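Asker:
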Amino acid sequence: MVMKRALAILTILLIGYWIALALSHVPFGADKMLVGQYYLNHVKAQTGAVNAVTAVVVNYRGFDTLGEVTVLFIASTGVAALLWRKKRKRTAKTEGSVVLTTGSRLLFPFIVLFGGYIFIHGHLTPGGGFPGGATIATAFLMLYLAFSVYEIPHKGFEITEGLAGMGYVTVGLIGLAIGSYFLFDWIWQSWGWGHSNIGRLFSAGFIPVIYTIIGIKVGTELSGIVDSMVKEGGE
Amino acid sequence: MSIGVYYFGAVSLILIGLYAVLVKKNLLKILVGLSIMETGVNLLLISIGYIAGRSAPILSEGVGPNNAVDPIPQALVLTAIVIGVATTALALTVAINLYETYKTLNIEELRRLRG
Amino acid sequence: MTSCVQCIEYLMVFIMIAAAVFAVEWRDLLAAVVGMAAVSLVASILFFFLQAPDVAMTEAAIGAAMSAAVFIFAIKRTQRYETEEEEKPGWWVRW
Amino acid sequence: MNLQFASLLIALPLISAFFVPVIKTISRKAVMPFLVIITAVQTGIAAWVFEEVYTGGKPIIIMAGGFKPPVGINLYIGHFAALFVLIIAVAGFFMAVFSMKSIGVEPKDKYAMLFLLLMLGATGMISTGDIFNLFVFMEITAISAYALTAYNKTGEASEGAMKYIVLGGIGSSFFLVGIALIYGSLGTLNMAQIAQLAGNINPTVAQAALALLVFGLAVEAELFPLNAWAPDAYQAAPHPVTAMFSAFVVKAGLYAMVRIIYLLRDTQAFTGILRLVLILGTITVVIGELSALRQTNVKRMFAYSSIAQVGFMAVGFSLGTQAGASAGVFHMVNHAIVKALMFLAVGYVALELGGTSIEDFKGLGKKMPLTAFAITVGAISIIGIPMFNVFWSKIQLILAALKVGKTGVIALILGASLVEAVYYIRLIHTMWFESANGEKVKENFTLGVIMLLLVALIIVIGVFPNAAWNIAQKAAADLYNVSQYIKNVPLLPGVSP
Amino acid sequence: MINELMIIIFAPLLAGVLAWIFDVKGIREGVAIIGAAVPLAYLIQAYQTLASQPSIQYSIVLSGFKFEFILYHLSWVFAMIAGVVGFAAVLGMVSTAKDSYEWLFALMSLTGVYGVFLADDLISFFIFWEIMTFASFMMVLKYNRKASLKYFLLSVLGAYAMLIAIGIIYAKVGAFDFTSVQRVFYQDAMRSVMGSDTLFSRNELLLIFGLFLTAFGVKAGTFPLHVWAPDAYSETNQSYTAMFSGVLSKAGVYGMLVIYILLGTRLMYEFGNIGAAPKFGYVIAFLGGITIIVGGLLAALQEDIRKLFAYSSISQIGYILVGIGVGTALSIEAAIYHAISHALFKGLFFLIVATIIHRTGKTQFKDMGGLAEKMPVTFAMAFVAILSLAGIPPLVGFASKWLIFEAVIHQNMPILGGMLFFGSAIGFVYLIRFTYAVWFGQRPTELDDTKDAPLPLAIAMGILALLNVVFGIAPGIVAGELNKIFGKEIIQGTIWELNLGFGRYNGLFITIWLVVGILIAAVIYFLGAKVRRVPVTDTYQAGNPVTMDYNLTIRRNFFLPLKETLAFWLRMSFDRLYQDIGSWVEDLAETLRHYIYNGNVQAYAWYLAAILIILALWGV
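Chains as they are written, first to last, in the working numbering: chain Z, 1 to 235; chain P, 1 to 115; chain A, 1 to 95; chain V, 1 to 497; chain Y, 1 to 620.
(1) Could you give the first and the last residue of the continuous alpha helix (DSSP H) run that contains residue 101 of chain V?
(2) Below 8 Å between beta carbons is the criterion; list the residues of the region 76-99 of chain P that meet it against any residue of chain Z, in chain order.
(3) Could you pull out every residue in the same chain whose Cβ sits closer than 6 Å to the Cβ of residue 385 of chain Y, ignoring the five residues on either side in sequence?
(4) Can you find a CB in chain Z that lies within less than 8 Å of the CB of residue 37 of chain A?
(5) Which same chain residues end up closer than 7 Å to residue 151 of chain A when comparing Cβ atoms and leaving out the 5 residues on each side of it in sequence?
(6) Cβ closer than 7 Å: which chain Y residues qualify as neighbours of residue 455 of chain V?
(7) Under 7 Å between beta-carbons, which chain A residues line up against residue 106 of chain P? List them in chain order, please.
(8) Verify the CB distance criterion: does residue 39 of chain Z have a CB-CB separation below 8 Å to chain P?
(9) For a test of the three-state rule: what should DSSP assign to residue 626 of chain Y, helix, strand or coil?
(10) With 16 as the cutoff for other CB atoms within 10 Å, does residue 148 of chain Z come out buried or exposed?
(11) If the cut is a Cβ gap below 7 Å, which residues of chain A does residue 46 of chain P touch?
(12) In the DSSP assignment, what residue or residues form a beta bridge with residue 66 of chain Y?
(13) I want to see whether chain Y comes within less than 8 Å of residue 31 of chain P, judged by CB atoms only; does it?
(14) For a test of the three-state rule: what should DSSP assign to residue 624 of chain Y, helix, strand or coil?
(15) Check whether the Cβ atoms of residue 205 of chain Z and residue 188 of chain Z lie closer than 8 Å to each other.
(16) Cβ of residue 30 of chain A less than 8 Å from any chain P Cβ?
(17) Determine the direct distance from the alpha carbon of residue 42 of chain Z to that of residue 60 of chain Z, and round the result to whole angstroms.
(18) Quick one: is residue 216 of chain Z near chain V, going by C-beta distance under 8 Å?
(19) Does any C-beta atom of chain D lie closer than 8 Å to the C-beta of residue 18 of chain Z?
(20) Sort V/65, V/215, V/168 by Cα distance to residue 34 of chain P and report the nearest one.
(21) Are the C-beta of residue 360 of chain V and some C-beta of chain P separated by less than 8 Å?
(22) Over what stretch of residues does the beta strand (DSSP E) that includes residue 62 of chain V continue unbroken?
(23) Does the structure place the region 280-293 of chain Y close enough to the region 101-116 of chain Y that three or more beta carbon pairs sit under 8 Å?
(24) Taking only the alpha-carbon atoms, compute the straight-line gap between residue 138 of chain V and residue 71 of chain A and give it to the nearest angstrom.
(25) Pull up the distance between the alpha-carbon of residue 460 of chain Y and that of residue 71 of chain Y, whole angstroms please.
(26) Quick one: what does DSSP say residue 589 of chain Y is sitting in, helix, strand or coil?
(27) Which of the three DSSP states is assigned to residue 492 of chain V in this structure?
(28) Please classify residue 469 of chain V as buried or exposed, where buried requires at least 16 neighbouring CB atoms within 10 angstroms.
(29) Taking the beta strand (DSSP E) that residue 506 of chain Y falls in, what are its first and last residues?
(30) Out of curiosity, what's the CA-to-CA distance linking residue 154 of chain V and residue 85 of chain P?
(31) Taking the beta strand (DSSP E) that residue 499 of chain Y falls in, what are its first and last residues?
(32) Could you check if residue 24 of chain V is buried or exposed, using at least 16 other CB atoms within 10 Å of its CB as the buried criterion?
(33) Residues of chain V with a CB under 7 Å from the CB of residue 152 of chain Y: which are they?
(34) Nearest-angstrom Cα distance between residue 100 of chain V and residue 141 of chain V?
(35) What do you get for residue 45 of chain Y, buried or exposed, if any count of 16 or more other CB atoms within 10 angstroms of its CB means buried?
(36) Within 10 Å of its beta-carbon, does residue 214 of chain Z have 16 or more other beta-carbons around it, so buried, or fewer, so exposed?
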């Protein structure tokens, strides 16, 4: 065992030295931007978003985000598929404390609202669909912790999840139809809505639309994963 | 050879994660290791995108195109985080299934498929 | 001023690494997961330092919270403690 | 017609996968037919793209969001991608049909979604022109593959999936480190631009980056010893999924690996990494073939055989010549056909007779003559008998190796074929000439047609390899000729150092 | 327009496929016979054409490769062997083949053989070689897995050796066709004579030669690559073995000739001569000599009639190789002559074996005896075959063996000559066994109602027996054809007589004397001796005391003393060596597999780490 640990430490030290050696030629804090500079220069004109990260995520690297959403979808589907049992129910025996239950009940709408705020304002402030969706999921998670019998309406969630995903692809396909490119920002570039509004809510083309979809999707998916993990198969 | 503290932290996380995978016998521990590795990689990506003295790439007042850090690694890391949590969730699910079948998480005993 | 910021940076990185080591070495898996979440949280603070607020939020919400939650559920359904590893000679032979 | 419509290749499986929950609430029975229909439509689109690319002679560049590369992510559907997208779609269609019969474990709707997303992931991996996007698609492929491997929910399935997850997780983490290094030195993620600027990278960084990228992808491409997950996952996965693993998932990984190696050919590490891949490929072949030798589980035996064949492809690509690449691509195509057929047949046998152990194959020629025939043709083809397709790719591989004077490769191929002959002939003899009790099974008509189609394809390519060889050569040129690749991608002029 | 060469090559395959598809008894046999007869007819017709022009050529471009075929005197002779013996074997199969599977692959192998003989480029040579191997393998596979596996492995080894050789040649020459390859090697020879740089270095040349030798040696059954042959020959339909042993082994012989055609000049100049014989030929010749002895001795020790002839066939192929190896025009001609006679008598023998097995269902000597009375026709055929193989004039076997003797002795090669003599002697040894144990002596009661050969088999045997006699009495017919190959009168003489200048053999003369002698003997027999008919129940013990555990009869362990004498040598079996290597490799593979794929994820993770370390070490 000691031998194994020693060998492992030796291994990781060697690998670490190698990677560090390579990293020493990629100086920390230096300006290495090439495409990044282009984004910073053109982001406002091309997408209308103030938050460049959001613009990159949704507009410039839309495929990545589509893939990312898909990965999460696969995870929730996979989790549901693998934990699928004939009969499933919650097995928690004790309710949460009074503080927790009341607190949850009280906080739930606010947390959801906050999540919604995060993803709707994704193009203006830090945040966006993913943290927003996660926040919403946290709200549901809290309900699970607080109440022993609580269940999300997972059928409805599943359909919502699917519809949201379809919505995303459909937005992309509308772009293909209107602008002849998949995931083309037709709201901003073809219709030209919100050009005067840069820096305010109603701007940035389809970013809010897509982030709303993503937020809903991520929220439902993560809640779905939690739901699947919590419920155990009946005997 | 000198690397910044962030690089050092990131690489350390990757290596600690790898160490866990290589040494720990408990499946969940291995997954914790993988998760730490992913965090390390994310930190590495972000540190590569950092430019000294610049601020976050949100181009509101006071932040111009020449005054912001690289947005791309941040976008990449957003994706990577989500992918990481997706993998983790799936892996844990599989671990649950394994435990329900074999009643153990010791990888030395999970060796029905071999040879 | 800069030195102070650097101090914090060094401290944070140190805490992060320590948390990671603990996460790996603790026998109690629940504690290990908490350690892992701590790593993520510290990392998200580092993301703030590195001018990446979006990532920091996401890491905190998804990488730390959701990840840890999922881990805890999994531990609840399996076992909480890592079984004692008995010393057997020649691990490389036993493969 | 607008060539951007080729993006439907990505959009269609995606939107269909998202649509499945809706379908499910309408009728649970409609899910599997829906899957078949979608894969059929996908095949149609792929055929259109294939025709468009091969008659036009120019790759289709899909620019997401209308941004030119390197600003936006582009899909590059060149000759190689067009060919493989078609193979993926066709294999997916066949396996979807097979799934209708073979998948009995609930929840089938989830299976359908994962199935479509696996196809999507492989399609994306093969067609993307952005290195991080490649990572995303690789993860889509890998994660849906994890889920599908564990789908049967038996202990073995979970075990196989777990091995895959752990190894795949390590691989993808280090792959991402590689991407970070590349991005840190060049500031771009577009493959064409990376190839253009590859000479500027610091040699140390280039070596580490290339090594890490190859390392990450080699896990997916099943190069020894990074392939340890593969036999287990192959054995434990549902039968149609195994067929898809062998037919295109591995190949997508291998393609990505080779593409990245070739893209970075201006770096100093290029020759070194080629030699490394050559060595790994050689060991892969040797270990794979030897492991298959005394295997009693037929599915696992085929898995090892499949691994060994991937080793051949890797060897072909690592020769570093266009001829080698052509041979590798040709072998990919042939192997995809053959292994799809064989895993389909094995899965069908397991379905009807209850297992994949060699005992179940005794007297198969009497019980299920058509299936046994299909396996026999596949086996004979893999061994490399003339007038069957794999013979030609092996010959081309040998010729390519000769041209660069690597006689050892020839010995490797021939020795491996010798070993293949041993275990496949044992199987053939067991199937046809060993008696066992059991009723004659009434073989499914649709599956029979699919198997015969694939058999016919094997023999047609075996007898008239010209057309297939030409296609393979074009695809390989697309892969090998990096300067042409750079020219084909309309890089935005303003964005360069 | 379909070329006649294509018809010759593909007619059997087509017939085979048709027979396979229309799996109706009667139709499939008819189709198969037609399929075997058509090429024969075309070959006979081509004789006319070849009289007026040197060759018939045809080429076809397929899949980027140009496939070229040629029919000239040499290939015509070999194709005729295939045609005649193949036709006879197909006739025999009418009686013995049980299902369409056999028809398909038997005829496919015939196609392969024709293709090999008519090929004029290395690629088509190789492809048809593989088809031939594959089809014959399938024939064996049906009967026995182990034998077929051994056969296939060695064949594949040979095929790949050939493939590598072809590849090396192609890499340098850039062409596959025989003409170009031959020219390049010829030029190389000239260059080496003048001392300038050659295209192929000496080592490469040696490698190519060795690879080709392996490839063709396997198929011909040359020691030490012969181990597949006894099993494969015996473990299949015996009518098919007539073709297998008679024709398919000739592909190996033909291959040896191809070595001469392609590389001969260069090899000769590079390695020099001993007397008039090239040095490299010595390898072939001595391998042939060893093959004669090993095959003959092992044949004598067999208890199974099929095995006996299998080893005998190997032994006889050795003669051909000796002839080829000596490398003079005469010896090569003699070798081809022996190839013809080997095909004729060996084909006949295997058809006889097929008949016996077909009628009695027995394969062991101990179960047979006294069949001459029950199967007179077959016995007559066997008589011819025995005389021919033993080399007794006036049958074809004598003529060819005599030619080989003469050629060898003429080159002053006493050791080879001794080997040949020894082979002939041992031939008598095993033939005695066959003659007596099967046809004479005590007949087991269960064989009392054995019938004679079925008609198709009888016809087939008849054809071959007739040719055995005809070519023996009139050896000049064959010699005339063989002279055409070299384009000059190497063997002079008339149609009845072979005249080498230093020795002559007149078939007709001997026949007449023999007939006269037999007549005299008959007269004495009928007039003089008092013949008493005895029941064939006595056993013959050669003077040994009879015990139950040392019970040597002609039908049981007859040559056991010989076996005991040779025990030391017999222990050194190449067959067992190969088997040991095979099982050693498999054991190793299994250990390796269990060690590497040990099922432990952590071990697998360590593999990844190991690769990372390698990458790191390389980078650092």
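Each residue gets a CB set at the ideal place from its N, CA and C atoms; glycine is no exception. For clarity, every value in this text was computed on a predicted model and none was experimentally measured.
Answerer: Result, derived from the coordinates:
(1) Your numbering for residue 101 of chain V matches position 101 in the fourth sequence. Element bounds for residue 101 of chain V: 79-102.
(2) 76, 78, 79, 81, 82, 83, 85, 86, 87, 89, 90, 92, 93, 94, 96, 97
(3) Within the fifth sequence, residue 385 of chain Y is the residue found at index 385, counting from 1. Result list for residue 385 of chain Y: 345, 348, 349, in chain order.
(4) On the third sequence, residue 37 of chain A is found 37 positions in, with the first residue counted as 1. False, the Cβ-Cβ gap to chain Z never drops below 8 Å.
(5) Limits of chain A in this structure are 1 at one end and 95 at the other, which puts residue 151 of chain A out of reach.
(6) Numbered from its first residue, the fourth sequence carries residue 455 of chain V at position 455. The contacting residues do not exist; residue 455 of chain V stays about 15 Å from chain Y at best.
(7) The residue given as residue 106 of chain P occupies position 106 in the second sequence. Under the 7 Å cutoff, chain A gives 83.
(8) The residue you call residue 39 of chain Z lines up with position 39 of the first sequence. Taking Cβ atoms only, chain P reaches closer than 8 Å to residue 39 of chain Z, which makes this a yes.
(9) With chain Y covering 1 to 620 only, the question about residue 626 of chain Y has no answer from this structure.
(10) On the first sequence, residue 148 of chain Z is found 148 positions in, with the first residue counted as 1. Residue 148 of chain Z is exposed by the Cβ-count criterion.
(11) In the second sequence, counting from the first residue as 1, residue 46 of chain P sits at position 46. The contacting residues are 47, 50, 52, 55.
(12) The residue you call residue 66 of chain Y lines up with position 66 of the fifth sequence. According to DSSP, residue 66 of chain Y bridges with Y/61.
(13) Here residue 31 of chain P corresponds to residue number 31 of the second sequence, with the count starting at 1. No, no contact with chain Y.
(14) Past the edges of chain Y, shown from 1 to 620, lies residue 624 of chain Y, and the structure says nothing about it.
(15) Within the first sequence, numbered from 1, the residue matching residue 205 of chain Z stands at position 205. Within the first sequence, numbered from 1, the residue matching residue 188 of chain Z stands at position 188. Taking 8 Å as the Cβ cut-off, residue 205 of chain Z and residue 188 of chain Z qualify as a contacting pair.
(16) Position 30 of the third sequence holds residue 30 of chain A. Judged by the 8 Å Cβ criterion, residue 30 of chain A is not in contact with chain P.
(17) Taking the first residue of the first sequence as position 1, residue 60 of chain Z is located at position 60. Taking the first residue of the first sequence as position 1, residue 42 of chain Z is located at position 42. Each residue's alpha carbon lies about 11 Å from the other.
(18) For this step, residue 216 of chain Z is matched to residue 216 along the first sequence. Judged by the 8 Å Cβ criterion, residue 216 of chain Z is not in contact with chain V.
(19) No chain D appears in the structure shown, which is made up of the protein chains Z, P, A, V and Y.
(20) Locating residue 34 of chain P in the second sequence gives position 34, counting from the first residue. Of V/65, V/215, V/168, the residue nearest in Cα terms is V/168.
(21) Position 360 of the fourth sequence, counted from the first residue, corresponds to residue 360 of chain V. It does not; no Cβ of chain P falls within 8 Å.
(22) Walking along the fourth sequence from the start, residue 62 of chain V turns up at place 62. 60-63 is the extent of the beta strand (DSSP E) around residue 62 of chain V.
(23) no
(24) On the fourth sequence, residue 138 of chain V is found 138 positions in, with the first residue counted as 1. On the third sequence, residue 71 of chain A is found 71 positions in, with the first residue counted as 1. The straight-line gap from Cα to Cα measures roughly 24 Å.
(25) The residue given as residue 460 of chain Y occupies position 460 in the fifth sequence. The residue given as residue 71 of chain Y occupies position 71 in the fifth sequence. Distance between the alpha carbons of residue 460 of chain Y and residue 71 of chain Y is about 26 Å.
(26) Along the fifth sequence, one-based indexing puts residue 589 of chain Y at 589. Residue state, collapsed to three classes: helix.
(27) Residue numbering aside, residue 492 of chain V sits at position 492 when the fourth sequence is read from its first letter. In the structure shown, residue 492 of chain V sits in coil (DSSP, three-state: anything other than H, G, I, E or B).
(28) Taking the fourth sequence and counting its residues from 1, the one referred to as residue 469 of chain V is at position 469. Burial call: buried.
(29) Counting from 1 along the fifth sequence, the entry for residue 506 of chain Y is found at position 506. Taken as a continuous stretch (DSSP letters only), the beta strand (DSSP E) holding residue 506 of chain Y covers 504-506.
(30) Here residue 154 of chain V refers to the residue found at position 154 when the fourth sequence is read from its first residue. Here residue 85 of chain P refers to the residue found at position 85 when the second sequence is read from its first residue. Between residue 154 of chain V and residue 85 of chain P, the C-alpha separation is close to 24 Å.
(31) Here the question's residue 499 of chain Y lines up with position 499 in the fifth sequence. Counting along the chain, the beta strand (DSSP E) containing residue 499 of chain Y begins and ends at 497-499.
(32) On the fourth sequence, residue 24 of chain V is found 24 positions in, with the first residue counted as 1. Answer is buried; the Cβ neighbour count reaches 16.
(33) As a first step, residue 152 of chain Y is located in the fifth sequence; it is residue number 152 there, counting from the start. Within chain V, the residues near residue 152 of chain Y are 421, 425.
(34) Here residue 100 of chain V refers to the residue found at position 100 when the fourth sequence is read from its first residue. Here residue 141 of chain V refers to the residue found at position 141 when the fourth sequence is read from its first residue. Distance between the alpha carbons of residue 100 of chain V and residue 141 of chain V: 22 Å.
(35) Translated into the one-based positions of the fifth sequence, residue 45 of chain Y becomes position 45. Residue 45 of chain Y comes out exposed.
(36) Against the first sequence, residue 214 of chain Z aligns to sequence position 214. Burial call: buried.
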